[in-house]
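According to this note's numbering, the stretch in the sequence shown is residues 249 to 541, in order.
For glycine and all other residues, C-beta sits at the position ideal for the given N, C-alpha and C.
Remember, it's a predicted structure, so these values are computed and weren't measured experimentally.
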Amino acid sequence: MSAAPSPENIMEALNDSGYLMEQEVATVLEGLGYHVQTNFPFEDIDEGKSREMDVRAIKTIARNEARKLSCVFEIIVECKNSSNPFVFIGRPKTAADQRLAPEEYVFFTRWYETHKPVGKGGSSVQLTEPFHHLGFPNVHYAYQRPEKAVQFCRVDRKGSGWHANHAGLYDAIFFPMAKAVSSRMKEIPREPRHDEWRYLWFFVPLVVVSSDIYWVDSMQQAPTPEVRPYVTFRRQLRSKTLNGSFSVDFVRQDYLAWFDTACLGRIAEHAAMLVNEEPDLVLKKEIAWDDAR
């Protein structure tokens, strides 16, 4: 055996490591108009350490100079280079699932308010989350599907057979991603002064995988795995510093550009329309009372 690796050995090692995958993902996102940073550092506030995610990509979707209103997409990517497929188990959503707003979507205000006089000098208040008031459930890909993922695993080789492995996957994927997003969210200004810019800053946590993604419908008597280009998975997390429901999109690497166009594109179009054509709808925090609520 040669004492030094051949060029073929070097490329095989790089491909197996996933280092080239990170660069390939960064190149795709750059081609889609994002400003890209690889090896994006963030502070792990639970452990007080600096950690890294593979790729961060930022794009300004719309900018209204006259009204100082802007929408920005920020994609945070973790790459998983594996030939073993990820499998998601699903079931129908509940009404409560459809009412949840993505915590990763940061608006300049936490609520739109409505006040209604009640009795002598009293008033009743309705609070509406910006995600719902501005109509994003009508265009968000996750809200157009009737089902949700409730479990996932990776199918690995075990001896002569296959093993559904979930050991450590949740902690290895969800906690670092949620910490990275939470760290960035704290840097986005909320409740700005009258003369300051107002932002709709939408974080998109992505796990880009080189393997296949399968969906299994648990409501079927004899379910058959279905290949999908992406799956959205929401998980409740609790730690010293995290307490909430976090969503991550698992996307096949060869469908990354498609996901940006087909899924994020509808949200971007709606956001651009609001910023450029309906800024008053976005900026006016006092809204009409809804008797149906």
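Just list the residues that DSSP pairs residue i with in beta bridges.
i, result
"residue 327", "456"
"residue 289", "300"
"residue 319", "310, 448"
"residue 283", "306"
"residue 375", "361"
"residue 401", "335"
"residue 474", "463"
"residue 271", "Answer is none; residue 271 lacks a bridge partner."
"residue 534", "361"
"residue 423", "According to DSSP, which records beta bridges pairwise, residue 423 is partnered with nothing at all."
"residue 480", "497"
"residue 353", "450"
"residue 412", "403"
"residue 485", "492"
"residue 395", "340"
"residue 387", "Residue 387 pairs with nothing; no bridge assigned."
Excluding the 5 residues flanking residue i on each side, which residues of the same chain have their C-beta closer than 8 Å to its C-beta?
i, result
"residue 398", "337, 338, 339, 466"
"residue 381", "360, 535"
"residue 524", "310, 312"
"residue 491", "485"
"residue 273", "302, 303, 325, 327, 456, 501, 504"
"residue 264", "329"
"residue 352", "429, 433, 450, 451, 452, 453, 494, 495"
"residue 297", "291"
Classify residue i as buried or exposed, calling it buried when 16 or more other Cβ atoms lie within 10 Å of its own Cβ.
i, result
"residue 443", "exposed"
"residue 538", "exposed"
"residue 312", "buried"
"residue 508", "buried"
"residue 454", "buried"
"residue 262", "exposed"
"residue 449", "buried"
"residue 425", "buried"
"residue 366", "exposed"
"residue 259", "exposed"
"residue 510", "exposed"
"residue 519", "buried"
"residue 474", "exposed"
"residue 302", "buried"
As a quick exercise: from the options, pick the residue whose alpha carbon is nearest that of residue i.
i, options, result
"residue 289", "282, 279, 300", "300"
"residue 376", "352, 366, 394, 347", "347"
"residue 485", "320, 419, 254", "419"
"residue 437", "343, 354, 373, 330", "354"
"residue 514", "352, 296, 391, 470", "391"
"residue 471", "335, 511, 291, 251", "335"
"residue 386", "478, 517, 251", "517"
"residue 476", "506, 411, 351, 483", "506"
"residue 533", "446, 264, 296, 274", "446"
"residue 345", "526, 333, 493, 510", "493"
"residue 406", "332, 482, 483", "332"
"residue 356", "468, 379, 440, 421", "440"
"residue 495", "384, 487, 483, 488", "483"
"residue 307", "429, 279, 469, 269", "279"
"residue 527", "314, 388, 429", "314"
"residue 421", "410, 325, 473, 352", "325"
"residue 269", "296, 255, 286, 257", "286"
"residue 389", "251, 408, 481", "481"
"residue 429", "489, 384, 468, 409", "489"
"residue 487", "257, 256, 295", "295"
If I measure Cβ to Cβ from residue i and keep anything under 7 Å in the same chain, skipping five residues before and after, which residues do I get?
i, result
"residue 522", "382, 529, 530"
"residue 266", "327, 329"
"residue 341", "394, 395, 396"
"residue 363", "371, 373"
"residue 512", "321, 452"
"residue 479", "336, 397, 461, 463, 498"
"residue 350", "379, 495"
Output needed for residue i: all residues of its chain with C-beta closer than 6 Å, excluding positions within five of it in sequence on either side, in chain order.
i, result
"residue 305", "277, 282, 284, 323"
"residue 423", "none"
"residue 253", "none"
"residue 292", "299, 427"
"residue 411", "404"
Would you say residue i faces chain C, with C-beta separation under 8 Å as the test?
i, result
"residue 284", "Absence of chain C from the displayed structure is noted, only one protein chain being present."
Segment contact flag, the segment 487–505 with the segment 452–461, C-beta cutoff 8 Å, min 3 pairs: Touching, yes.
Three-pair Cβ contact test at 8 Å for the segment 425–435 versus the segment 409–416: Contact fails: fewer than three Cβ-Cβ distances are below 8 Å.
Three-pair Cβ contact test at 8 Å for the segment 394–411 versus the segment 314–321: As far as the Cβ criterion goes, the segment 394–411 does not touch the segment 314–321, which means the pair count is below three.
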